[in-house]
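S.K.: What follows is a single structure, and I will ask about it in a moment.
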Amino acid sequence: MNLENLNENQKKAVEITEGPLLILAGAGSGKTKVLTTKIAYLIMNNIAQPENILAITFTNKAAKEMKDRVISMLGSVAYNIQISTFHSFGVSIMRSHYKELGYDKNFMILDSDDSLTVIKRILKDLNIDPKQYSPKMIRNRISSSKNELIDSSIFSKYVKTEFDEITHKVFIKYEEKLKQTNSLDFDDLLILPIQLFRQNPEILLSYQEKFKYILIDEYQDTNEAQYILVKMISAKYKNICVVGDESQSIYSFRGSNYRNILNFEKDYKNTQVILLEKNYRSTQTILNAANDVIKNNTERKDKNLWTDNVVGSNIKYHRAMNEKDESDYVTSEIKKLINTNKLSDIAVFYRTNAQSRNMEEALLRENIPYKVVGSFYFYNRQEIKDLIAYLKLIYNEKDDVSLLRVINVPKKGIGLKTIENLSLRAVINNESLYQSINGGKELEFKKIIEEIKKASDSLSLTELVELTLEKTGMKQELQNEKTLESDIRLENLEEFKSITKTFEEKNGIISLEEFLLEISLVSDIEEYKNNTEVVTLMTIHSAKGLEFKNVFVIGLEEGIFPHINCMDSKCDLEEERRLFYVAVTRAKENLWLINSRKRLLFGNESANPASRFISEIKDEYLDKDEFETNPIIQKRIIGTINSKEEYTVGESIIHNEFGKGIIISVDKSLLTIAFPHPNGIKKIMRGHSSIKKV
DNA sequence: GCCTAAGTGCTTTTT
DNA sequence: GCACTTAGGC
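Take the first sequence: its letter number 660 is residue 640 in the numbering used here, and every next letter is one higher.
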């Protein structure tokens, strides 16, 4: 096989096929090229059969990209290579071994929203006030525990605070509920395979024998469960090749631990290490800027990323007046690019999903086609969620969560009372809600589901969707409504059918099971579309692993990026900096860094100083476009507080947490108060703690 | 049981 | 600004 187009180290990385191999690959150093070439090398040199190779990536996007590349190198044999995300790999294990773990064949996967719904319901059952104990926090706590392989019984040993105690109670119920409804959450997809392997060494052995060659991309982002899973499967042959860069570790909120990559040599004896330091992607200027920023992090291995690409043009820094002005600026710059660039060469990155909206509005106004990657907006629409809930229930009647969602959709007079009775009966008889239906208006509902179920065997997926929309009355209801709103909903449902159609065209005859599994892991509509000639909008997290000729990073303000929740601890701040590093190193030729003096945040106007990351870049690499030097922003926290007392604007008060402040506005019982604060960040707080008149 | 208005809290990031 | 919850009238 011809490895001529690789450099020395890349070549070595491909040729070392036996034993543990650690590839420390800086941004843009061609690691995907190395990985895909390595897979091709293994197969073409008959070292491994396609089915002996397991390649794991982090995002669906990355998996798809790798698969496409391998297919173009190897042709159809490549279809037998398991290239997937950790989670979809987990699904494939569960589909073969659900029995050993006591699940039914038609298990369902809950996304994080579903998990939250389950937890809210448990809180209700346990009479716990969700305002006092945030369901989200409980969910996150449970999820991170699971990712550390801590189940509820182990968790009991770590209970210290009252919150822990509540979490523990909910944790137990949550486990019960999921098992009872034959459902798995995302974390189960990692920990159940581990449990399976621990309990059944012979099954583990079969996986070890099957996957003799293992490749893991973005190893710095693995969490404990993923780390253990990989370790187990690779234990026999130890042909494990991991690629990563601790400077790009950005998933610690999900339990990822970049020390996994720093410790790889200790974990796997006789590891060979290869450094890929030459960058093929970016101009020298962009690379210099990235290096300037990342060197402010203390916890990192020293890498020296270099390139022999051209110096390139300076990075453009623009400070806009407000968020509208910001997106208008980006749009006008994009318009300048259109003549000489493909739209697919342009990307806009932001820190939080909410920031896409202004950008979308501006692009819509100017008729510039775009796509928002990783937006679950479509699947989060009420009508789509309802439809999916119906489909899930048709597939798995034990799915109580879905049943509760749609039992009264469209409205048929089934309210709280009915559901309470139903729940009670279900608990007593230890059966699902669906099973416990035996009369009333609910029976009508059950009959409809039964009818669709019966018909489903002889229908294609798209036909099944159509039948569901008709039999349930969802379609009729919307057609009768005849409002703008209902029209949009109908359109969305049509769009859903076009997704199932595309799906069928791509995959042939597809079962409801396969479809539901797929959309539970890939709930991003863009993955199913082929609209390639568009500008790409996405969060920096989704941008990892990708590259674009022209990159805009917006919202570079203290409090947004670095995000306000990440500014307190050094460790979080370093992760924000790594995130910024990822953003910058996506750009091949041109980079814009943009922020705004003022913006509407949570409905309040706020003024944030420019992100510290900008000042970490040497001035010589920046073309600054701001019509005044950065003013020293007045340092204050703004708090809004409920109060019955009479206050007037301008009055001084004392707050028991923030100290002295001044009333800025009075709106009914809502007060907005300014407090001096060293960070210069506005913090919105409402409805708690007391203030006193001075 | 359904509808509406008022109230409340909230946004990191992904599978 | 928005989505979600809750209370109260029908």
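For glycine and all other residues, C-beta sits at the position ideal for the given N, C-alpha and C.
Predicted model only: the values in this text are computed from it and were never measured.
Using DSSP with H/G/I as helix, E/B as strand and the rest coil, what is residue -16?
M.R.: Within the first sequence, numbered from 1, the residue matching residue -16 stands at position 4. DSSP places residue -16 in the coil class of the three-state scheme, outside both helix and strand.
S.K.: Could you tell me which whole alpha helix (DSSP H) segments of length 4 or greater appear in the stretch 306 to 347?
M.R.: 336 to 345
S.K.: Could you spell out where the beta strand (DSSP E) holding residue 224 opens and where it closes?
M.R.: If you number the first sequence from 1, residue 224 lands on position 244. Its beta strand (DSSP E) spans residues 220 to 224.
S.K.: Alpha carbon to alpha carbon, how far is residue 190 from residue 231?
M.R.: The residue you call residue 190 lines up with position 210 of the first sequence. The residue you call residue 231 lines up with position 251 of the first sequence. Going from the Cα of residue 190 to the Cα of residue 231 covers about 30 angstroms.
S.K.: Can you have a look at residue 282 and say buried or exposed, based on whether 16 or more other CB atoms are within 10 angstroms of its CB?
M.R.: On the first sequence, residue 282 is found 302 positions in, with the first residue counted as 1. The residue in question, residue 282, is exposed, as its Cβ has fewer than 16 Cβ neighbours within 10 Å.
S.K.: Here's a check: name, in chain order, each residue in its chain whose Cβ is nearer than 6 angstroms to the Cβ of residue 614, leaving out the five neighbours to either side.
M.R.: Your numbering for residue 614 matches position 634 in the first sequence. In this prediction, residue 614 scores a pLDDT of 31, lower than 50, which makes its location untrustworthy; the coordinate-derived value is nonetheless stated afterwards. Excluding residues within five positions, none has a Cβ falling inside 6 angstroms.
S.K.: Leaving aside the five residues before and after residue 240 along the sequence, list all residues of the same chain whose C-beta is less than 6 angstroms from its C-beta, in chain order.
M.R.: Locating residue 240 in the first sequence gives position 260, where the first residue counts as 1. So the qualifying residues of the chain are 202, 207.
S.K.: By the 10 Å Cβ neighbour count, where 16 or more other Cβ atoms means buried, how is residue 605 classified, buried or exposed?
M.R.: For the purposes of this step, residue 605 is identified with residue 625 of the first sequence, where counting begins at 1. So residue 605 ends up on the exposed side.
S.K.: Can you grab the Cα-Cα spacing for the pair residue 312 / residue 573, in whole Å?
M.R.: In the first sequence, the residue the question calls residue 312 occupies position 332. In the first sequence, the residue the question calls residue 573 occupies position 593. Their Cα atoms are separated by approximately 14 angstroms.
S.K.: At 4 residues or longer, what runs of the alpha helix (DSSP H) sit wholly inside the stretch 527 to 608?
M.R.: 550 to 565, 592 to 595
S.K.: Can the beta-carbon of residue 320 be found less than 8 angstroms from the beta-carbon of residue 294?
M.R.: For the purposes of this step, residue 320 is taken as residue 340 along the first sequence, with counting starting at 1. For the purposes of this step, residue 294 is taken as residue 314 along the first sequence, with counting starting at 1. Remark: C-beta atoms of residue 320 and residue 294 do not approach each other more closely than 8 angstroms.
S.K.: Taking residue 256 and residue 9 to be in contact with their CB atoms under 8 angstroms, please state how far apart those CB atoms are, rounded to whole angstroms.
M.R.: Counting from 1 along the first sequence, the entry for residue 256 is found at position 276. Counting from 1 along the first sequence, the entry for residue 9 is found at position 29. Contact between residue 256 and residue 9 holds, with the beta-carbon distance rounding to 4 angstroms and staying under 8 angstroms.
S.K.: Hey, is the stretch -7 to 3 in contact with the stretch 217 to 225, meaning 3+ C-beta pairs nearer than 8 angstroms?
M.R.: A contact exists between the stretch -7 to 3 and the stretch 217 to 225.
S.K.: Could you tell me the alpha carbon to alpha carbon distance between residue 57 and residue 23, rounded to whole angstroms?
M.R.: In the first sequence, counting from the first residue as 1, residue 57 sits at position 77. In the first sequence, counting from the first residue as 1, residue 23 sits at position 43. In a straight line, the C-alpha of residue 57 is about 9 angstroms away from that of residue 23.
S.K.: Starting from the C-beta of residue 612, find all residues in its chain whose C-beta is less than 8 angstroms away, skip the five residues before and the five after it, and write them out in chain order.
M.R.: Translated into the one-based positions of the first sequence, residue 612 becomes position 632. With a pLDDT of only 29 at residue 612, under the threshold of 50, the placement of this residue in the model should not be trusted; the figure read from the coordinates follows. Counting only Cβ-Cβ distances below 8 angstroms, and skipping sequence neighbours, we find nothing.
S.K.: Is the stretch 586 to 601 in contact with the stretch 292 to 310, if contact means three or more CB pairs nearer than 8 angstroms?
M.R.: yes
S.K.: Apart from the five residues on each side of it in sequence, which residues of its chain come closer than 8 angstroms, Cβ to Cβ, to residue 609?
M.R.: The residue you call residue 609 lines up with position 629 of the first sequence. In this predicted model, residue 609 has a pLDDT of only 35, less than 50, meaning its place in the structure is not dependable; the value taken from the coordinates is given anyway. Excluding sequence positions up to five before and after residue 609, its CB lies less than 8 angstroms from no other CB in the same chain.
S.K.: Within 10 Å of its beta-carbon, does residue 489 have 16 or more other beta-carbons around it, so buried, or fewer, so exposed?
M.R.: For the purposes of this step, residue 489 is taken as the residue at position 509 of the first sequence. Here residue 489 is exposed: its Cβ has fewer than 16 other Cβ atoms, across all protein chains shown, within 10 Å.
S.K.: Quick one: what does DSSP say residue 514 is sitting in, helix, strand or coil?
M.R.: Mapped onto the first sequence, residue 514 falls at position 534. Of the three classes helix, strand and coil, the one that applies to residue 514 here is coil, per DSSP.
S.K.: Between residue 45 and residue 12, is the Cβ-Cβ spacing less than 8 angstroms?
M.R.: Taking the first sequence and counting its residues from 1, one reaches residue 45 at position 65. Taking the first sequence and counting its residues from 1, one reaches residue 12 at position 32. Yes, the pair counts as a contact, with Cβ atoms nearer than the cut-off.
S.K.: Using 8 angstroms as the threshold, is the C-beta distance between residue 460 and residue 364 below it?
M.R.: Numbered from 1 along the first sequence, position 480 holds the residue referred to as residue 460. Numbered from 1 along the first sequence, position 384 holds the residue referred to as residue 364. Not closer than 8 angstroms, so no.
S.K.: Nearest to residue 60 by CA position, among 177, 48, 66, 102, is which residue?
M.R.: Start at 1 with the first residue of the first sequence, and residue 60 comes out as number 80. The shortest C-alpha separation from residue 60 is found at 48.
S.K.: In three-state DSSP terms, what is residue 399?
M.R.: As a position in the first sequence, residue 399 is number 419, starting the count at 1. It is helical.
S.K.: Which two residues bound the contiguous alpha helix (DSSP H) that contains residue 217?
M.R.: Position 237 of the first sequence, counted from the start, is the residue given in the question as residue 217. Residue 217 -> no alpha helix (DSSP H), and no H or E assigned at all.
S.K.: Using DSSP with H/G/I as helix, E/B as strand and the rest coil, what is residue 391?
M.R.: To locate residue 391, count along the first sequence from 1; it is residue 411. Reduced to three states, the DSSP call for residue 391 is coil.
S.K.: Quick check: the Cα distance between residue 448 and residue 432, rounded to an integer number of angstroms?
M.R.: Residue 448 sits at position 468 when you count from the first residue of the first sequence. Residue 432 sits at position 452 when you count from the first residue of the first sequence. Roughly 7 angstroms between the two C-alpha positions.
S.K.: Shorter than 7 angstroms, the distance from the beta carbon of residue 239 to the closest heavy atom of the ligand GDP, or not?
M.R.: Because no ligand of any kind appears in the structure shown, any question about the ligand GDP cannot be addressed here.
S.K.: Quick check on the burial criterion: 16 or more other C-beta atoms within 10 angstroms. Buried or exposed for residue 704?
M.R.: Because the chain in this structure spans residues -19 to 674, residue 704 falls outside the shown range and cannot be described.
S.K.: How many angstroms separate the CA atom of residue 585 from the CA atom of residue 538?
M.R.: As a first step, residue 585 is located in the first sequence; it is residue number 605 there, counting from the start. As a first step, residue 538 is located in the first sequence; it is residue number 558 there, counting from the start. Taking the straight line joining both Cα atoms gives about 15 angstroms.
S.K.: The alpha helix (DSSP H) that contains residue 287, what's its start and end?
M.R.: Working through the first sequence from its first residue, we reach residue 287 at position 307. Counting along the chain, residue 287 falls outside any alpha helix (DSSP H), and DSSP gives it neither H nor E.
S.K.: Leaving aside the five residues before and after residue 607 along the sequence, list all residues of the same chain whose C-beta is less than 7 angstroms from its C-beta, in chain order.
M.R.: As a first step, residue 607 must be located in the first sequence, where it is residue number 627. Note that residue 607 has pLDDT 48, beneath the 50 cutoff, so the model's placement of it is unreliable and no number is given.
S.K.: Taking C-alpha atoms, which residue in 274, 389, 504 lies nearest to residue 357?
M.R.: Locating residue 357 in the first sequence gives position 377, counting from the first residue. Considering only alpha carbons, the answer is 504.
S.K.: Can you look up residue 253 in the DSSP assignment and give me helix, strand or coil?
M.R.: The residue you call residue 253 lines up with position 273 of the first sequence. Note: residue 253 maps to strand in three-state DSSP.
S.K.: Can you round the beta-carbon distance between residue 423 and residue 429 to whole angstroms, since I take them to be within the 8 angstroms contact cut?
M.R.: As a first step, residue 423 must be located in the first sequence, where it is residue number 443. As a first step, residue 429 must be located in the first sequence, where it is residue number 449. Wrong, their Cβ atoms sit about 11 angstroms apart, outside the cutoff.
S.K.: Ordered along the chain, which non-local residues of its own chain (more than five positions away) have a Cβ less than 8 angstroms from that of residue 204?
M.R.: Within the first sequence, residue 204 is the residue found at index 224, counting from 1. Excluding residues within five positions, the ones whose Cβ falls inside 8 angstroms are 127, 128, 129, 235, 237.
S.K.: Is residue 38 closer than 8 angstroms to residue 197 when the C-beta atoms are compared?
M.R.: Translated into positions along the first sequence, residue 197 becomes position 217. Translated into positions along the first sequence, residue 38 becomes position 58. Yes, the Cβ-Cβ distance between residue 197 and residue 38 is below 8 angstroms.
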